[in-house]
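Q: Numbering-wise, the sequence shown is residues 1 to 793 according to this note's numbering.
By construction, the Cβ of each residue, glycine as well, lies at the ideal position given by its N, Cα and C atoms.
So that we are looking at the same thing, I have put the structure below in structure tokens.
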Amino acid sequence: MCQSCYHCGEEVPVNTDYKVEILGQIRDMCCPGCETVAQTIMDSGLVSYYQYRTAPAEKANLVPEQLQALVHYDNQEVQNEFVRNSDKHSEVTLSLDGISCAACAWLIEKQLSHTEGVVQIRVNTTTNRAILAWDNSKAKLSELLAVIHQLGYKAAPFEADQQEAAYHRMMKQYLYRLGIAGLATMQVMMLAVALYLEVFGDLDPEFRNYFRWVSLIFATPVMLYSALPFYLNAWRSIRSKTLGMDVPVSIAMIFAYVASLVATVTEQGEVFFESISMFAFFLLVGRFLEMRARRKAAAASGNLLKLIPAMATTLEGEQTPVKTLQVGDKIRVLPGEHIPADGIITQGRVHIDESMLTGESIPVVKIIGDHVYAGTLNGEEAFVLEVRSSKADSMISNIVRLQDEAQLSKPKIAEIADVVARYFVAVLLVIAAATWFYWQQNQPDDAFWIMLAVLVATCPCALSLATPTALTCATSRMGNLGILLRKGHVFETLCKVNHLIIDKTGTLTHGDIEINSVRVFGQQSKSTTLSLAAALEAHANHPLARAFRPYLDANVIIDEIENVIGFGIQGCYQGKSIKIGSAEFVLSSQDKAEPNAIYLSIANEHVATFYYQDPIRQEAVAFVKQFRSAGIKVTLLTGDSKANAELVAQQIDIDDVVSEAKPQDKLDYLHSCRDDDITMMVGDGINDAPTLAGAHLSVAMGGGTDVAKASADMVLLGDKLDRILQARELALKTRRIIAENLAWSLGYNLLILPLAVAGLVAPYFAVVGMSASSIIVVSNSLRLLKESHKEQG
């Protein structure tokens, strides 16, 4: 006798053994999907689903609605696509639907931060995204998403395409609401103007009341449909015991509608149907334009993820989803295709367009062993790629994540503005109530109108938008410059820097070092010394080490290798000690040190000197000159020899030189700087990492070591020093625009409040003013997205 699946009711195939204990009995399942879903239902304590269901679950919809997200987002294979895991916690970037102001962000952060298992939650109201870090052993992702849903917001792992689709759906709904409000406003205003001017003054009161009923019919859809987003936002705030921006607006509209409805039914008093319709129309216009502007500011980083193709080509020529690629898989990248995953080239020599990362349009030559990144564009030759990271850990995903983190870090003045905005709503409600009470005693016919104007005109929306929109635009612009922000304080600190400390090799110089001559001592041949040097330098990741790669010989084996940071590398070759590095390290003497030279010894016998060339970057002279002209002190801090350092310093016009500095020496120099020095360190090597971490602001070259980049606040992906100058100009402009936004929003509220209280602002002017102030702030921030003439040149 055939068994039926307890979950979906379908026939259980023979030779299968899928079972779950439900309601004290072992139940048969037809497939792994039903087994997984049923077990999840039991583990989640929702056994009542099986107790009270009236029919088996459908095969196409294996899980009840409330558990769909649970099953989907808690699945490890699904999480591999968007969750970043570390030893301490998991992290995900979320798309949020329904947030409209800083109060929404504060509400979500407050609620989640008190939930067990949450390490950190930060919300960006401009991009409608959040970064959530949690302990997987204490909480499931679906449980945390459920908390957000209970607050009235929708949350899901961020995917650029899905968020864009959600954005278009939301904008379409706003257009519907806006259209209905606009049509109703025109109709109601026609009737209201006629009544105000007493065109029908000779008509009977019954006909005048008829027009009021017609106005009620037109205004009701506006109240129940067009203005619904404002009520929902206000209800979320009140339910969570906070005061958001839409609370006073909603109170004003509901009061006006109820008062007008009572006046229409009782045929006594004034009606405000035209004001209600205009309120909704102008508020929706303002919100619509604001959302479009904020979307433009947030789109740049999200659009990067769209460059990653959905499908990849296997070595056999078949198509496979990119999301299924595993580390170690090999795929073929065809000419003209965007690279589907981060990895290394295992076959081929190609030109890669990395402009989306670096801002440089000239393709870069890549050979076997070189890293390439998802989203970059392949040239005219196919090549074989070995996958080295998942989509969640790809360079593009990290860029988007780090940009989000940078935008979430607010300057102190912005944090103060958010707090002021929240408390200002409470003060506003008190002022509105007091205003109504005063005018009710002195001019009762106008009391209600004046109170409405106070509630609407002074809503601090612009104050809450002043900083996040500017930071979002500036971060996006930084990305266009080929600069990756890793810390949020960059914009603040970059404006204050008064001491530039810069490394030499790979920073002021290209780092594309070539060995141009070799001087051999003893019995070893030139080729042998080069292969020995290459075998040692293969264990380092520095521009000088990369110069020896062409001479690497797999037959040369060196044991017991040790990288002595700041000095060189040593090991054991055929039972003898072997060293490569500086004269002090290899020859135990600084007297023999020559410019642009590196030394090799075997058994403490000098066997070869390698002479190299490392051209200075073309923009280095102008870079240093402009920092000095801005009154910023410039110091060359390098581990290279005194001769090499002074040669470069003379060419670039740097007076302050510290050479032959080991990692600790560099850090000691940093600590010896004056207390009022705001330092910015630019470097690329492992020996720069401690100084990068210790400086007030640090910049790592994109071609530098991973350790250096991990220690830095900014990463210069294109290795163009002049981009740091442009970043500083952008930071200064960002600070200025934030100040302008705050000055405008605070100034507007301080000006409009006494006018509204005095009864000098009509309600519809109040709506226009409030909406206009928000649009002005957002539009002012969008100026940061425009390229300056210097950048274009």
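(1) If we ignore side chains and look at the alpha-carbon of each, how far apart do R783 and T493 end up?
(2) Who are the near neighbours of Q120 in its chain, counting only those whose CB is closer than 7 Å to its CB and skipping five residues on each side?
(3) Taking 7 Å as the limit between beta carbons, can you name the residues of its chain near R177, skipping five residues before and five after?
(4) Between which two residues does the beta strand (DSSP E) containing C572 stretch?
(5) I want to know whether the region 663–676 touches the region 643–652 - three or more CB-CB distances under 8 Å.
(6) Please state the DSSP three-state secondary structure of Y611.
(7) Assign T507 to one of three DSSP states: helix, strand, or coil.
(8) Under 8 Å, with one C-beta from each stretch per pair, do the region 591–602 and the region 491–507 reach the 3-pair mark?
(9) On the DSSP bridge list, what partners appear for N378?
(10) Check whether the Cβ atoms of D653 and K625 lie closer than 8 Å to each other.
(11) Can you give, in chain order, each stretch of the alpha helix (DSSP H) that sits fully within the region 609–663 and has at least 4 residues?
(12) Leaving aside the five residues before and after G522 along the sequence, list all residues of the same chain whose C-beta is less than 6 Å from its C-beta, in chain order.
(13) Thinking C-beta only, is S531 closer than 8 Å to V497?
(14) Along the chain, where does the beta strand (DSSP E) containing A130 start, and where does it finish?
(15) Report the rounded CA-to-CA distance for E11 versus D28, giving the unit in angstroms.
(16) Going by beta carbon distance, what residues of the same chain come within less than 6 Å of Q570, once the five residues before and after it are set aside?
(17) Quick one: give me the first and last residue of the alpha helix (DSSP H) that T691 is part of.
(18) With a CB to CB cut of under 6 Å and the five nearest residues on each side skipped, what residues in its chain are close to I308?
(19) Please identify the residue among S95, V147 and I131 whose C-alpha is closest to the C-alpha of E116.
(20) Using the rule of at least 16 other Cβ atoms within 10 Å of the residue's Cβ for burial, across every protein chain shown, is Q726 buried or exposed?
(21) Using the beta-carbon count (16 or more within 10 Å), is Q792 buried or exposed?
(22) In its own chain, which residues sit with a C-beta less than 7 Å from the C-beta of L191, not counting the 5 before and 5 after it?
(23) Name, in chain order, the residues that DSSP records as bridge partners for P221.
(24) So is L455 buried or exposed if we call it buried at 16+ other beta carbons inside 10 Å?
(25) In the DSSP output, what is V456 paired with across the bridge?
(26) Three or more beta-carbon pairs under 8 Å between the region 342–350 and the region 376–394, yes or no?
(27) Hey, would you say the C-beta of V607 is under 7 Å away from at least one heavy atom of the ligand NAD?
(28) Check whether the region 274–283 and the region 169–189 are in contact - that is, three or more C-beta pairs closer than 8 Å.
(29) If you compare alpha carbons, which of A259, K487 and F491 is closest to A807?
(30) Please classify V262 as buried or exposed, where buried requires at least 16 other C-beta atoms within 10 Å of its C-beta.
(31) Using the Cα positions of F567 and L587, report the straight-line distance between them to the nearest angstrom.
(32) Might you give, ordered along the chain, the residues of its own chain that have their beta carbon closer than 7 Å to the beta carbon of A181, omitting 5 neighbours on each side?
(33) Could you give the distance in angstroms between the alpha-carbon of R477 and the alpha-carbon of E21?
(34) May I have the straight-line CA-CA distance separating N128 from D97, to the nearest angstrom?
(35) Using only the alpha-carbon positions, how far apart do T638 and P690 sit?
(36) Are there 16 or more other CB atoms within 10 angstroms of the CB of M681, so buried, or fewer, so exposed?
A: According to the structure data:
(1) Position 783 of the sequence shown, counting from 1, holds the residue named residue 783. Position 493 of the sequence shown, counting from 1, holds the residue named residue 493. Computed Cα separation, rounded: 21 Å.
(2) As a working mapping, residue 120 is identified with position 120 in the sequence shown. Taken in chain order, the residues that qualify are A133.
(3) As a position in the sequence shown, residue 177 is number 177, starting the count at 1. Spatial neighbours of R177 in its own chain (CB-CB distance under 7 Å, excluding positions within 5 residues in sequence) are listed in chain order as Y225, S226 and L284.
(4) One-based indexing of the sequence shown puts residue 572 at position 572. For C572, the uninterrupted beta strand (DSSP E) segment begins and ends at G568 to Y573.
(5) Counting Cβ pairs under 8 Å, fewer than three are found: no touch.
(6) Residue 611 sits at position 611 when you count from the first residue of the sequence shown. Collapsing the DSSP output to three states places Y611 in a strand.
(7) In the sequence shown, residue 507 corresponds to position 507, counting from 1. It is helical.
(8) Contact fails between the region 591–602 and the region 491–507, because fewer than three Cβ pairs, one in each stretch, are under 8 Å apart.
(9) As a working note, residue 378 is residue 378 in the sequence shown. In the DSSP output, where bridge partners are listed per residue, N378 has I352.
(10) In the sequence shown, counting from the first residue as 1, residue 653 sits at position 653. In the sequence shown, counting from the first residue as 1, residue 625 sits at position 625. A contact, by the Cβ cut-off of 8 Å.
(11) If we require 4 residues or more, the alpha helix (DSSP H) runs fully inside the region 609–663 come out as 620–629 and 642–652.
(12) Along the sequence shown, one-based indexing puts residue 522 at 522. By the criterion of a C-beta distance shorter than 6 Å, G522 is surrounded in its chain by V607, once the five residues flanking it on both sides are discounted.
(13) By 1-based counting over the sequence shown, the position of residue 497 is 497. By 1-based counting over the sequence shown, the position of residue 531 is 531. For V497 and S531, no; Cβs fall outside 8 Å.
(14) For the purposes of this step, residue 130 is taken as the residue at position 130 of the sequence shown. From DSSP, the beta strand (DSSP E) with A130 extends over R129 to W134.
(15) The residue labelled residue 11 in the question sits at position 11 within the sequence shown. The residue labelled residue 28 in the question sits at position 28 within the sequence shown. Computed Cα separation, rounded: 10 Å.
(16) On the sequence shown, residue 570 is found 570 positions in, with the first residue counted as 1. Answer for Q570: E562 and K579, listed in chain order.
(17) Here residue 691 refers to the residue found at position 691 of the sequence shown. Counting along the chain, the alpha helix (DSSP H) containing T691 begins and ends at A689 to G694.
(18) Here residue 308 refers to the residue found at position 308 when the sequence shown is read from its first residue. Answer for I308: A374 and G375, listed in chain order.
(19) For the purposes of this step, residue 116 is taken as the residue at position 116 of the sequence shown. The shortest C-alpha separation from E116 is found at V147.
(20) By one-based count along the sequence shown, residue 726 stands at place 726. Burial call: buried.
(21) Counted from its first residue, the sequence shown places residue 792 at position 792. Residue confidence for Q792 is low, a pLDDT of 43 falling below 50, so the modelled location carries little weight; the figure read from the coordinates is stated next. Exposed is the call here.
(22) Within the sequence shown, numbered from 1, the residue matching residue 191 stands at position 191. Cβ neighbours of L191 beyond the five flanking positions: F211, V214 and S215.
(23) Here residue 221 is taken as the residue at index 221 of the sequence shown, counted from 1. Under DSSP, P221 forms no beta bridge with any residue.
(24) Translated into the one-based positions of the sequence shown, residue 455 becomes position 455. Within a 10 Å sphere around the beta-carbon of L455 sit 16 or more other beta-carbons, which makes this residue buried.
(25) The residue you call residue 456 lines up with position 456 of the sequence shown. When DSSP reads this structure, V456 sits in no beta bridge, so it has no partner.
(26) In the pairwise beta carbon analysis, the region 342–350 is classified as touching the region 376–394: at least three pairs are separated by under 8 Å.
(27) As presented, the structure is devoid of all ligands, the ligand NAD included, so that no description of it is given.
(28) Under the three-pair Cβ rule at 8 Å, the region 274–283 counts as touching the region 169–189.
(29) Because the chain in this structure spans residues 1 to 793, residue 807 falls outside the shown range and cannot be described.
(30) What you label residue 262 is simply residue 262 of the sequence shown in a count that begins at 1. Around the C-beta of V262, fewer than 16 other C-beta atoms lie within 10 Å, and the residue is accordingly described as exposed.
(31) Position 567 of the sequence shown, counting from 1, holds the residue named residue 567. Position 587 of the sequence shown, counting from 1, holds the residue named residue 587. Roughly 12 Å between the two C-alpha positions.
(32) Stepping through the sequence shown from its first residue, residue 181 is reached at position 181. So the qualifying residues of the chain are V222, S226, S277, A280, F281 and L284.
(33) Here residue 477 is taken as the residue at index 477 of the sequence shown, counted from 1. Here residue 21 is taken as the residue at index 21 of the sequence shown, counted from 1. So the alpha carbons of these two residues sit roughly 56 Å apart.
(34) Taking the sequence shown and counting its residues from 1, the one referred to as residue 128 is at position 128. Taking the sequence shown and counting its residues from 1, the one referred to as residue 97 is at position 97. A straight line joining the alpha-carbon of N128 with that of D97 spans about 7 Å.
(35) Sequence index remark: in the sequence shown, residue 638 carries index 638 (1-based). Sequence index remark: in the sequence shown, residue 690 carries index 690 (1-based). So the alpha carbons of these two residues sit roughly 13 Å apart.
(36) Within the sequence shown, residue 681 is the residue found at index 681, counting from 1. So M681 counts as buried.
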